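One structure is given here, and the rest of the page talks about it.
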Amino acid sequence: MTEVLDFLCPRLVGKRFEEHAVPLEVLKDFAALEEMMTEVAKWHYRKEHPTRERLPKGFTEGISIKLKSLEDGSVMPKFVLVVAASLAGLLPSENQQCFEKARESIISAVDAAEHSENITTHLPDSMLGYFDKIGRSLNDDEYIEFRPTNPLRPAKLNKETRKKLVLASSQTQFYTEDIQIKGIIPEADQGKSSFTIELIDGARILAQLDDVHSEIIMGAFNKYKKQQRISVKGIAKYNRYGSIQKIESIEYVNLIDELDISDRLEDISKLKDGWLDGKGIAPSADGLKWLDETFGVSYESSLPLPHLYPTAEGGIQAEWTLNDWEISLDIDIASKIADFQGVNLKTGEEEEGIYDLSKKETWDAINSAIRNKAGVLA
Amino acid sequence: MKSGTLLHRQVHPGFIQNGKISSQAFRPTPKDENKLSVYNGDMITAEKAYYHFCKQLNYSSAGVMSVTQAECASQSLPIGEDKIPFPEHCHINFEGLAKSQIEKKAKFLKNYAESRGWQFRPE
Chain A
32 MTEVLDFLCP
42 RLVGKRFEEH
52 AVPLEVLKDF
62 AALEEMMTEV
72 AKWHYRKEHP
82 TRERLPKGFT
92 EGISIKLKSL
102 EDGSVMPKFV
112 LVVAASLAGL
122 LPSENQQCFE
132 KARESIISAV
142 DAAEHSENIT
152 THLPDSMLGY
162 FDKIGRSLND
172 DEYIEFRPTN
182 PLRPAKLNKE
192 TRKKLVLASS
202 QTQFYTEDIQ
212 IKGIIPEADQ
222 GKSSFTIELI
232 DGARILAQLD
242 DVHSEIIMGA
252 FNKYKKQQRI
262 SVKGIAKYNR
272 YGSIQKIESI
282 EYVNLIDELD
292 ISDRLEDISK
302 LKDGWLDGKG
312 IAPSADGLKW
322 LDETFGVSYE
332 SSLPLPHLYP
342 TAEGGIQAEW
352 TLNDWEISLD
362 IDIASKIADF
372 QGVNLKTGEE
382 EEGIYDLSKK
392 ETWDAINSAI
402 RNKAGVLA
Chain B
183 MKSGTLLHRQ
193 VHPGFIQNGK
203 ISSQAFRPTP
213 KDENKLSVYN
223 GDMITAEKAY
233 YHFCKQLNYS
243 SAGVMSVTQA
253 ECASQSLPIG
263 EDKIPFPEHC
273 HINFEGLAKS
283 QIEKKAKFLK
293 NYAESRGWQF
303 RPE
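The listed protein sequences derive, respectively, from chains A and B. First residue of the first sequence: 32, per my numbering; consecutive thereafter. First residue of the second sequence: 183, per my numbering; consecutive thereafter.
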C-alpha cells in the first residue's frame, strides 16, 4: 500500500501547450525538477539537523514524485508525492515534510527571480545550478507558473527567470540553453571529434562531432566553398555575459537546400530601410512570416524552388528559370497581391496574371503554371 | 557607340542568390525615371567601372554584368549617352513602357548578360 498526496500542479503556458498536450522534451524538465527536489529535501534535513553527519538511512527510498494526470481546462500536469506504506501514518513523515519544504523553497526561489528579489534566501548556491536543466526547453513565448492559483505571484519560470536563477549562484560561471542555429562548416577535426560552425554574421562556434551526425556535418564541410548551410539544434553553453562558448550536444542536424524558402527569407529579413544604396524599403517582418507560411503550405513540394529577391518597394520577387521560360512573381507582401509573368526567351511567348496569394485557387494556378513550364508530371 | 559596345551594369548584392541574378538587376525602378544606369564600355572597363561605382560613388556592387548596344536595340531600348553625372555614364531607356513590358525586357537583358557571364567580380 502507498499513500498518494497532491504535490504540485504547475500551469504550462505557450503556443505549444494550446492543444492540451505536453511535448516530450518538456517532460525532461520535470525529470530534472524531481532530481532537484530530492537534493533540496536533503538540504532541508541537514539544515534542521546540523549535528547529524549523515542522512537517515533510506531518506529518499519509499518516496517519489509521479505525474498523475493533465488537469482539464489548460495544460496543468498534476504531480503527486507517492509515499510508501511503511512511511505513511497519521502524521507526515520527516522526509515527506522535507520534500514539501523543498517544493516551497524552489517555488519561492522562482518567485523571487520573477520579482528581482534575493534568490539565495530561499535556496543555497549549490542548489541553483539545477535550474540549468529545468526550463531549458521553454521557447521565448512559453512559461511555467508554479503557483497558478495566485495571479499576483504566480512564480513564473521563463527563459529570463531561469537565467537569473542559474546565475544567482556565485559558483556558476556558465549556463546552457537550447539553441537552433544556421551556418556553414569551415573546420572539422575528426581526430579531436570537433567542428566549427560559422554563422551568417561571421561568428564561429565550436561543437562536438559525434558519430550520429558526422555524415551530414562532413558533407557540409566538404561543400564549404559552395556555402552549403546546415541547421543545428542542440544545447549551447554560454558564459555569465551571455556569450556563446560552444555547443555541448546536438539533437539534430539538417542540410539546408540552397533555395530553402525559410532560410532565404530569414536572410532578407535582416535588410534595413535604404538597403538599395539609400533607396529600398525593408520587407516587413509580418509580411515575410506570412509569405514563408504561405509558400510552405501552398506551393507544391515536388516543384522546383524559386530564387527569392527583395524588391526596392519592400516586396519579394520569386524567379524561376525553367527550360526556355523566365518566370517572375512580384509579390506585394502587404496586400498579398502578386504580378505573375512568364516569358519564353526563344519564342517571345508571354503569360501574365495578377494573383491574390491569400486564395487557394491562386496557388493552384501558380503550381499548375510552374509544373507545366518545368515539365513536371502532376 | 557601336553595336558591340558593352554596357556595364553594376549588380547589387541583394539581387544575387547562390550566384543567380535577379531580372531586377536590369530593371529600372520608377524612382530612376525608367532609365537604367550603365557604364559605356567604349570608355571604361568593367573592372574600372566597378571600382568607380564602389570607391568613388560609395555604392554597393557584387560585380559587373554587361549587355551590348545591339542587344538593347533588339528589345527596342534606346541608349542615352548622357555623360551625367560622369563622362562614362549612359542609360538604357525604358521610358513610356508599361510595368509588364519593362519586366519582360529586363528578363531578356538578364539572359543576354548571363550568357556572357560576369565581366568583373572582386576577389
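Where is the CB? At the ideal position from N, CA and C, for every residue including glycine. Note that the coordinates shown come from a computational prediction; the quantities given were computed from them, not determined experimentally.
Reduced DSSP secondary structure (H/G/I, E/B, other) of residue i
i: T378 of chain A; result: coil
i: V114 of chain A; result: strand
i: G233 of chain A; result: coil
i: D220 of chain A; result: strand
i: S205 of chain B; result: helix
i: N270 of chain A; result: strand
i: W306 of chain A; result: coil
i: K97 of chain A; result: strand
i: V71 of chain A; result: helix
i: L334 of chain A; result: coil
i: V35 of chain A; result: strand
i: L43 of chain A; result: strand
i: M225 of chain B; result: coil
i: I287 of chain A; result: coil
i: F90 of chain A; result: coil
i: I312 of chain A; result: coil
i: T325 of chain A; result: helix
i: S297 of chain B; result: helix
i: I401 of chain A; result: helix
i: G250 of chain A; result: helix
i: K65 of chain A; result: First, the residue type needs correcting, since residue 65 of chain A is Glu and not Lys in the sequence shown. E65 of chain A: helix per DSSP, three-state reduction.
i: Q283 of chain B; result: helix
i: I299 of chain A; result: helix
i: Q276 of chain A; result: strand
i: G214 of chain A; result: strand
i: E50 of chain A; result: coil
i: L239 of chain B; result: coil
i: V57 of chain A; result: helix
Below-8 Å beta-carbon distance, residue i vs any chain C residue
i: K310 of chain A; result: In the displayed structure, chain C is absent; the protein chains listed are A and B.
Beta bridge counterpart(s) of residue i as assigned by DSSP
i: F197 of chain B; result: Bridge partners of F197 of chain B: none, in fact.
i: A186 of chain A; result: None; A186 of chain A has no bridge partner.
i: C272 of chain B; result: B:V220
i: A396 of chain A; result: Partner(s): none; A396 of chain A has no beta bridge.
i: I362 of chain A; result: A:I347 and A:A369
i: V249 of chain B; result: B:L189
i: I281 of chain A; result: A:G265
i: D5 of chain A; result: Limits of chain A in this structure are 32 at one end and 409 at the other, which puts residue 5 of chain A out of reach.
i: D387 of chain A; result: A:I368
i: E102 of chain A; result: A:M107
i: D209 of chain A; result: A:I266
i: L339 of chain A; result: A:A349
i: S225 of chain A; result: A:D220 and A:Q239
i: I261 of chain B; result: B:I274
i: F302 of chain B; result: B:V246
i: E357 of chain A; result: A:T352 and A:V374
Neighbour list for residue i in chain B, Cβ cutoff strictly below 7 Å
i: L307 of chain A; result: H194 and G196
i: E381 of chain A; result: K286
i: E350 of chain A; result: S204 and S205
Partner residues on chain A for residue i, Cβ-Cβ distance less than 7 Å
i: Q199 of chain B; result: R295, H338, L339 and Y340
Contact list for residue i against chain B, beta-carbon separation under 9 Å
i: L376 of chain A; result: K289, F290 and N293
i: Q372 of chain A; result: S282, E285, K286 and K289
Within chain A, the residues that residue i reaches when beta carbons sit closer than 9 Å
i: Y221 of chain B; result: Per Cβ cutoff of 9 Å: no residues; Y221 of chain B is ~16 Å from chain A at best.
Neighbour list for residue i in chain B, Cβ cutoff strictly below 8 Å
i: A343 of chain A; result: Q206, T211 and K213
i: S359 of chain A; result: S205, E285 and K289
i: E289 of chain A; result: N200
Contact set between residue i and chain A, taken where Cβ atoms lie within less than 8 Å
i: Y331 of chain B; result: Because chain B in this structure spans residues 183 to 305, residue 331 of chain B falls outside the shown range and cannot be described.
Practice task
Spell out a yes or no on whether the region 378-397 of chain A and the region 188-197 of chain B are touching, meaning 3 or more CB-CB pairs, one atom from each, closer than 8 Å.
Solution key: no
* Flag this pair as touching only if the region 265-273 of chain A and the region 222-232 of chain A have three or more C-beta atom pairs under 8 Å; answer yes or no. => no
- Task: At 3 residues or longer, and completely inside the region 125-203 of chain A: list those beta strand (DSSP E) runs for me, N to C.
- Result: 174-176
### Message
Three or more C-beta pairs under 8 Å: does that hold for the region 307-314 of chain A against the region 274-290 of chain A?
### Response
no
Can you confirm whether the region 274-284 of chain B touches the region 209-217 of chain B when touching is taken to mean that 3 or more C-beta pairs between the two stretches lie within less than 8 Å? yes
Do three or more CB pairs link the region 128-146 of chain A to the region 177-188 of chain A at distances below 8 Å? yes
query = Per the contact definition of three or more C-beta pairs closer than 8 Å, is the region 93-109 of chain A in contact with the region 189-208 of chain A?
reply = no
- Message: With a threshold of 8 Å, are at least 3 pairs of Cβ atoms found where one atom belongs to the region 35-45 of chain A and the other to the region 77-88 of chain A?
- Response: no
At a cut of 8 Å, does the region 288-300 of chain B reach the region 230-239 of chain B through at least three beta carbon pairs?
no
- Could you tell me whether the region 215-232 of chain B touches the region 241-259 of chain B, using the rule of 3 or more Cβ pairs below 8 Å? yes
Item to complete: Determine contact between the region 339-351 of chain A and the region 291-303 of chain A, defined as no fewer than three beta-carbon pairs at a distance below 8 Å.
Response: yes
Original post:
So does the region 38-58 of chain A actually touch the region 164-177 of chain A, counting three or more Cβ pairs closer than 8 Å?
Top reply: yes
Q) If you pair each beta-carbon of the region 254-270 of chain B with each one of the region 313-322 of chain A, do three or more pairs fall below 8 Å? A) no
Meets three-Cβ-pair contact criterion under 8 Å: the region 193-200 of chain A and the region 231-251 of chain A
no
**Prompt:** Counting Cβ pairs closer than 8 Å, one from the region 213-222 of chain A and one from the region 251-260 of chain A, do we hit at least three?
**Reply:** yes
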